[in-house]
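Peer 1:
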Amino acid sequence: MFFGTYTPKLDDKGRLFLPAKFRDELAEGLVITRGQERCLTVWSLADFGRLTERLREAPVTNKGARDYVRMLFAAASQEVPDKQGRVSIAPVLREYASIDRDVMVIGAMNRIEIWDPTAWQSYSAEQEEKFAEISDEVFPGF
1 MFFGTYTPKL DDKGRLFLPA KFRDELAEGL VITRGQERCL TVWSLADFGR LTERLREAPV
61 TNKGARDYVR MLFAAASQEV PDKQGRVSIA PVLREYASID RDVMVIGAMN RIEIWDPTAW
121 QSYSAEQEEK FAEISDEVFP GF
């Protein structure tokens, strides 16, 4: 499980130092994809495999499913962290998320998200008020 917020920097070659707490779970490999709200999503190979299996069940005749699969897989990148815990982030993904050197890395349960710091701060501030309101929607009666 991934949680917490971290502020690593990309090196000059576009590589990200994964937070130490995430490295063991991702040591065998990972997939970096486009995420929602212009962030990047990092999946363990196992979780990305489960996601892929669910997407295979969607009918190819469903336009929404086709569109989602295209966007998710077109820029996806499979990586294996090096001995220092670094992974390369493809230029197309860096451009999509508007990340350059500074990044925010957040744990989001079964995935990691990589954000431009300004975009994360804006999103987080916007969601803060909604956070309390949606708890009843997400966990009715909890």
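Residue numbering for the sequence shown follows the UniProt record's numbering, beginning at 1 and increasing consecutively.
We put the CB at the ideal spot given by N, CA and C, even for glycine.
Owing to the predicted nature of the structure, the values given are computational and were not obtained by experimental measurement.
#1: Tell me whether ASP67 is buried or exposed, calling it buried when 16 or more other Cβ atoms sit within 10 Å of its Cβ.
#2: Going by Cα to Cα distance, which pick from VAL42, THR118, GLN121 and LEU55 is closest to PHE17?
#3: Can you list, in chain order, the residues of its chain whose CB lies under 7 Å from that of VAL60, leaving out five sequence neighbours each side?
#4: Could you give the DSSP three-state label for GLU113: helix, strand or coil?
#5: Just verifying my parser: in three-state terms, what is the DSSP assignment at GLN84?
#6: Using the Cα positions of ASP82 and ALA27, report the straight-line distance between them to the nearest angstrom.
#7: Exposed or buried, PHE73, counting other C-beta atoms within 10 Å across all chains shown (16 or more means buried)?
#8: Counting pairs of Cβ atoms below 8 Å between the stretch 49-63 and the stretch 126-142, do you hit three or more?
#9: Within 8 Å, do at least three Cβ pairs link the stretch 44-56 to the stretch 120-136?
#10: With distances taken from CA atoms, which of ARG94, PRO19 and GLN78 is nearest GLY29?
#11: Taking the DSSP output, what are the residues bridged to TRP43?
#12: How is the beta strand (DSSP E) around LEU10 delimited, first residue to last?
#13: Excluding the 5 residues preceding and the 5 following MET109 in the sequence, name in chain order all residues of the same chain whose CB lies nearer than 8 Å to its CB.
#14: Using 8 Å as the threshold, is the C-beta distance between LEU93 and ILE134 below it?
#15: Which residue wins for smallest C-alpha separation from ARG15, given the options GLU128, LEU45, VAL80 and SER124?
Peer 2: A quick look at the data gives this:
#1: By the 10 Å Cβ count, ASP67 comes out exposed.
#2: In terms of CA proximity to PHE17, VAL42 leads the group VAL42, THR118, GLN121 and LEU55.
#3: Non-local C-beta neighbours of VAL60 in its own chain, meaning closer than 7 Å and more than five positions away in sequence, comprise ARG66, ordered along the chain.
#4: In the structure shown, GLU113 falls within a strand segment according to DSSP collapsed to helix, strand and coil.
#5: The answer is coil: DSSP assigns GLN84 none of H, G, I, E or B.
#6: Each residue's alpha carbon lies about 9 Å from the other.
#7: So PHE73 counts as exposed.
#8: Look at the beta carbons and you see the stretch 49-63 not touching the stretch 126-142: under three pairs across the two are nearer than 8 Å.
#9: Remark: fewer than three beta-carbon pairs, one from each stretch, lie closer than 8 Å, so the stretch 120-136 and the stretch 44-56 are not flagged as touching.
#10: Nearest of ARG94, PRO19 and GLN78 to GLY29, Cα basis: GLN78.
#11: Paired residues: VAL31.
#12: First-last for LEU10: undefined, no H or E at that position.
#13: The beta carbon of MET109 is closer than 8 Å to those of MET1, PHE2 and PHE3 in its chain, skipping five residues each way along the sequence.
#14: Going by beta carbons, LEU93 and ILE134 fall outside the 8 Å limit.
#15: Per the Cα distances, VAL80.
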